[in-house]
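Student:
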Amino acid sequence: MIMSLRKVFSMFLVASIVTLGAISCKSKVSDADLKTKVEAAVSANPSVMVDVKDGVVTLSGTVSSDEERTLLENSAKAADAKGIKSVVNNITVQAPIEINTNDADLTAKIVDATKDFPTVKATVAGGVITVTGTLEQARVMVLKQSLDALNPKKVDMSALVVK
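Numbers -22 to -1, 1 to 141, taken from mature numbering (1 follows the signal peptide of the UniProt record, and there is no 0), label the letters of the sequence shown in order.
Laid out in structure tokens, this is it:
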């Protein structure tokens, strides 16, 4: 009787150890795999960056609305609900840029924006600034930034001759 009790106890002990070992060896999803899953889930917005450390997902970047920010966070959580411990949402909501379509206003502002570029002429039609003339390659970016700062619909520099 004592012998069979020892045998039963030993078998119970071995079974318990095997069971605990199997439970503790449960496969854990790697941070790289989680990152891949979350990146796929938020891929609709390429301006959002994903970082994963110890199962914690951090989202960063900019979006145009609070709804989009929340949607991206929820999409990240749903990518692997069991593997993701938490989501840190560092996404910022950028205020929409108001586009200036007032041709008279843009025309007045263009005079100041192009004063340092005597070989360039800029005209406005329908909120689109069209640039003509000639300009050195080194100064093209400065001109483009000056005109973009006026928030037109578009800056068309295709007719500009670059030296």
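For each residue, glycine too, the CB sits at the ideal point set by N, CA and C.
Mark residue 80 as exposed unless 16 or more other C-beta atoms lie within 10 angstroms of its C-beta, in which case mark it buried.
Tutor: Residue numbering aside, residue 80 sits at position 102 when the sequence shown is read from its first letter. Classification of residue 80: exposed, given that the 10 Å Cβ count is below 16.
Student: Can you list, in chain order, the residues of its chain with a C-beta nearer than 6 Å to that of residue 105? Leave out the 5 residues immediately preceding and following it.
Tutor: Along the sequence shown, one-based indexing puts residue 105 at 127. Counting only Cβ-Cβ distances below 6 Å, and skipping sequence neighbours, we find 79, 130 and 131.
Student: Using the DSSP secondary-structure output, state which residues sit across from residue 43 in a beta bridge.
Tutor: Position 65 of the sequence shown, counted from the start, is the residue given in the question as residue 43. Note: residue 43 sits in no beta bridge, so no partner.
Student: Kindly give me the distance between the Cβ atoms of residue 89 and residue 112, rounded to whole angstroms, as I take these residues to be in contact under 8 Å.
Tutor: Taking the first residue of the sequence shown as 1, we reach residue 89 at position 111. Taking the first residue of the sequence shown as 1, we reach residue 112 at position 134. About 19 Å; that fails the 8 Å criterion.
Student: Using the DSSP secondary-structure output, state which residues sit across from residue 67 in a beta bridge.
Tutor: Here residue 67 is taken as the residue at index 89 of the sequence shown, counted from 1. In the DSSP output, where bridge partners are listed per residue, residue 67 has 37.
Student: Could you pull out every residue in the same chain whose Cβ sits closer than 6 Å to the Cβ of residue 121, ignoring the five residues on either side in sequence?
Tutor: As a first step, residue 121 is located in the sequence shown; it is residue number 143 there, counting from the start. Around residue 121: 95.
Student: May I have the straight-line CA-CA distance separating residue 4 from residue 51, to the nearest angstrom?
Tutor: Translated into positions along the sequence shown, residue 4 becomes position 26. Translated into positions along the sequence shown, residue 51 becomes position 73. At residue 4, the pLDDT of 48 sits below 50, so the modelled position is not reliable and the matter cannot be decided from this model.
Student: Which whole-angstrom value is the C-beta distance of residue 125 and residue 91, which I expect to be below 8 Å?
Tutor: Stepping through the sequence shown from its first residue, residue 125 is reached at position 147. Stepping through the sequence shown from its first residue, residue 91 is reached at position 113. The Cβ separation is near 6 Å, so the contact holds.
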